[in-house]
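In our numbering, the protein residues as written are -5 to 46. Glycine is no exception: its CB is placed at the ideal position from the N, C-alpha and C atoms.
Right, here's the structure in full:
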């Protein structure tokens, strides 16, 4: 069974909105909803999302 509390370290190149939503929203200064939309548009690459 997966332990969702034990997610390991954050991958600073890719955004996992299921586990890292709070971290990336704070880093980019956006709402969780806007981050999800950016990931949908640009994919999981942090560099691509940051450019949006």
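Counting C-beta neighbours from all protein chains within 10 Å, is the total for residue 9 16 or more, i.e. buried, or is it exposed? Position 15 of the chain shown, counted from the first residue, corresponds to residue 9. That one is buried.
Report all residues from its chain with a CB closer than 6 Å to the CB of residue 26; omit the five preceding and five following residues, and keep chain order. Here residue 26 corresponds to residue number 32 of the chain shown, with the count starting at 1. Excluding sequence neighbours, residue 26 sits near 15, 19.
Where do the ends of the alpha helix (DSSP H) carrying residue 45 lie? In the chain shown, residue 45 corresponds to position 51, counting from 1. From DSSP, the alpha helix (DSSP H) with residue 45 extends over 40 to 45.
Ends of the alpha helix (DSSP H) at residue 34? The residue labelled residue 34 in the question sits at position 40 within the chain shown. Note, residue 34: alpha helix (DSSP H), 26 to 36.
Is residue 43 closer than 7 Å to residue 33 when the C-beta atoms are compared? By 1-based counting over the chain shown, the position of residue 33 is 39. By 1-based counting over the chain shown, the position of residue 43 is 49. Yes, they are a contact pair.
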